[in-house]
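Residue numbers (the working numbering), protein chains in the order written: chain C, 319 to 612; chain W, 319 to 612. For each residue, glycine too, the CB sits at the ideal point set by N, CA and C.
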DNA sequence: CGATGATATAAATTATATTTATAGTTGCTG
DNA sequence: CAGCAACTATAAATATAATTTATATCATCG
């Protein structure tokens, strides 16, 4: 049995048109007819009903069922290709959400360089949901993902390596600047400048507002934490971010939250269950762990 | 790319000998050489190192990595074959552990017969661990599994449909027979006749003995609940079984447990995540649910 | 040194996939 | 209703790929 046939089949399931599938693969139409016939013989079943009356192609239950497996097989193969390619180049793709890339990664990079393995690493930036898919599809080999709940996915293994509380940042000129700790409920009347590009921060923030029964007054959302910090410094509003964002600025004050059962920013090292780590990759992960856990 | 090549490759990973793999598949040795070459070209990598000095075949990291995916692909294909075969015959294989087969299934079968779909069902008996694998490998399509914890596996979906407490059964002549309820700790000095062939019962039983700090005096283990009940009736010992085993015998008395946080016998309907249920299979599951939930 | 066990290579053969050319079916349109 | 368009099937020819046959290479062992 040839993988091509599954590829044609998979496409036919989507296109429902033999001629178009043929065009997609730059082959002639009888090729597809034959491929499907081969599969139908191999599995001793009918995969499609050619309904000429209504001029449509109907997928049989067997076809539906095979489609699920074909999909799995094809993406498994795709992942294999990507992984072996990375292995051959001695490089690995590390997925990083912007926050982690900005605030953790410089430290990590220094360590990796010392060990002479920085050159083997290629980073891939993206939101946590997007990175999860990239990882699943083999575009990334390892990812650092932030979340508010421990990660648990079918094809991925997550190892939690850090758990940071969320903090409130206010301008040094803000009345609350004198405080060290604060209850979230005390922020009911505040204006908020929030982080735009992170599911994780929003999930956590929403949890807290809901629990404290208020609708926050969000005056601005930015995709860059520096922009947020500058706005906070100017006292446009206060913000809600993980402590790791703290950059020792003296125009912004960080306040800890006193609430019970606060959501946490959980950082995990995530890989595919099917992925075999090379010694180099193991070293990278070791460095990540050591640097990030301190 | 041909599936055969992956099959040869997979076998070579296990056998580490080209000639033997060739023999396994009834092909000649150069076939295997060529197949591996094709894969190495396809993935643009080296999969094996032929160490002629020590006369051994070394699998490279790429080889190790591909092996994982090859395995997945091959078993996915095997499952597809089995599923489509069952679909064509309009039959489904229902995995049942002995307890459920004995005490639940007669009722279920009556319902299925009424609906005229009993003939489409083929049962497969086995322990819960064995059935889990059978399900994963496509030998069974649906299984009813017992467990003490909710089931959660990578490739399987479990829907809990019943949760029964475990009970103690004693002879009608036993001093405790006058009781209705009992604490597990009161059984410290008793002799036990236990069920042999069930992980679930043993797990639950061990939890309770450990929690109550005693080593149970197990005088006999049997694979058949009727044997157990007969022994209990003869006052050879007391037993620990799910309530569903209750058969309205008058020589045996059922006692409920009064302990907090008792383990439960959780029954789940389990299928593969990849499995597409046919209308017939959906009807079967509906009947299972209706009959077993009453 | 010759035999053995292992893998590789090349040419011949066989098997399989694809194309080319064409036919069948249905719907639509002038 | 003829004729064309859109779609799929079939058959023969061709191209591609896999397998076998026969033989070579390499290292080990007695």
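As a quick exercise: from the options, pick the residue whose alpha carbon is nearest that of residue i.
i, options, result
"residue 519 of chain C", "C/558, C/348, C/429", "C/558"
"residue 601 of chain W", "W/434, W/498, W/495", "W/434"
"residue 535 of chain W", "W/550, W/511, W/547", "W/511"
"residue 454 of chain C", "C/405, C/397, C/445", "C/397"
"residue 563 of chain W", "W/438, W/487, W/402", "W/487"
"residue 498 of chain C", "C/332, C/575, C/393", "C/575"
"residue 492 of chain C", "C/331, C/572, C/524, C/474", "C/572"
"residue 481 of chain W", "W/418, W/405, W/319", "W/418"
"residue 539 of chain C", "C/517, C/530, C/387", "C/517"
"residue 342 of chain W", "W/522, W/410, W/322, W/357", "W/322"
"residue 474 of chain W", "W/490, W/449, W/326", "W/449"
"residue 327 of chain W", "W/471, W/369, W/388", "W/388"
"residue 530 of chain C", "C/544, C/553, C/506", "C/506"
"residue 609 of chain C", "C/405, C/422, C/409", "C/422"
"residue 606 of chain C", "C/466, C/447, C/477", "C/477"
"residue 399 of chain W", "C/420, C/369, C/357", "C/357"
"residue 430 of chain W", "W/577, W/410, W/446", "W/410"
"residue 603 of chain C", "C/436, C/320, C/319, C/348", "C/436"
"residue 495 of chain C", "C/332, C/553, C/403, C/402", "C/553"
Is residue j closer than 8 Å to residue i when the C-beta atoms are compared?
i, j, result
"residue 442 of chain W", "residue 452 of chain W", "yes"
"residue 483 of chain W", "residue 594 of chain C", "no"
"residue 526 of chain C", "residue 468 of chain C", "no"
"residue 570 of chain W", "residue 551 of chain W", "yes"
"residue 394 of chain C", "residue 334 of chain C", "no"
"residue 439 of chain C", "residue 414 of chain C", "no"
"residue 416 of chain W", "residue 515 of chain W", "yes"
"residue 340 of chain W", "residue 350 of chain W", "yes"
"residue 337 of chain C", "residue 479 of chain C", "no"
"residue 325 of chain W", "residue 392 of chain W", "yes"
"residue 464 of chain C", "residue 446 of chain C", "yes"
"residue 543 of chain C", "residue 420 of chain C", "yes"
"residue 472 of chain W", "residue 533 of chain C", "no"
"residue 320 of chain C", "residue 548 of chain W", "no"
Use the C-beta contact count for residue i: other C-beta atoms within 10 angstroms, 16 or more gives buried, fewer gives exposed.
i, result
"residue 280 of chain C", "Absent from the model: residue 280 of chain C. The displayed extent of chain C is 319 to 612, so no value can be given."
"residue 329 of chain C", "buried"
"residue 367 of chain C", "exposed"
"residue 352 of chain W", "exposed"
"residue 501 of chain C", "exposed"
"residue 376 of chain W", "exposed"
"residue 599 of chain C", "buried"
"residue 541 of chain C", "exposed"
"residue 566 of chain W", "exposed"
"residue 524 of chain W", "exposed"
"residue 618 of chain W", "In the structure as shown, chain W starts at 319 and stops at 612, and residue 618 of chain W therefore has no counterpart that could be examined."
"residue 407 of chain C", "exposed"
"residue 301 of chain C", "Residue 301 of chain C lies beyond the stretch modelled for chain C, which goes from 319 to 612, so this question has no answer here."
"residue 522 of chain W", "buried"
"residue 579 of chain W", "exposed"
"residue 466 of chain W", "buried"
"residue 611 of chain W", "exposed"
"residue 596 of chain C", "buried"
"residue 291 of chain C", "One cannot answer for residue 291 of chain C here, as it falls past the ends of chain C, which runs 319 to 612."
The beta strand (DSSP E) that contains residue i, what's its start and end?
i, result
"residue 435 of chain W", "No beta strand (DSSP E) holds residue 435 of chain W; DSSP gives it neither H nor E."
"residue 376 of chain W", "374-377"
"residue 325 of chain C", "Segment 321-333 is the alpha helix (DSSP H) holding residue 325 of chain C; no beta strand (DSSP E) there."
"residue 483 of chain W", "474-489"
"residue 574 of chain W", "570-575"
"residue 459 of chain W", "Counting along the chain, residue 459 of chain W falls outside any beta strand (DSSP E), and DSSP gives it neither H nor E."
"residue 557 of chain C", "557-560"
"residue 537 of chain W", "535-540"
"residue 506 of chain C", "Counting along the chain, residue 506 of chain C falls outside any beta strand (DSSP E), and DSSP gives it neither H nor E."
"residue 368 of chain C", "366-369"
Could you tell me whether any non-hydrogen atom of the ligand PLP is closer than 7 Å to the CB of residue i?
i, result
"residue 384 of chain W", "Among the components modelled here there is no ligand, and therefore nothing to report on the ligand PLP."
Looking at the secondary structure, which residues open and close the alpha helix (DSSP H) in which residue i lies?
i, result
"residue 338 of chain C", "336-342"
"residue 595 of chain W", "Premise fails: residue 595 of chain W is in no alpha helix (DSSP H) and is neither H nor E."
"residue 528 of chain W", "517-529"
"residue 355 of chain W", "347-360"
"residue 550 of chain C", "543-551"
"residue 451 of chain W", "446-454"
"residue 419 of chain C", "416-421"
Checklist entry - Would the segment 583-598 of chain C and the segment 453-470 of chain C be scored as touching if the rule is three or more Cβ pairs under 8 Å? => result yes
Problem - Inter-stretch contact (C-beta, 8 Å, three-pair minimum) for the segment 352-364 of chain W and the segment 379-388 of chain W - result: yes
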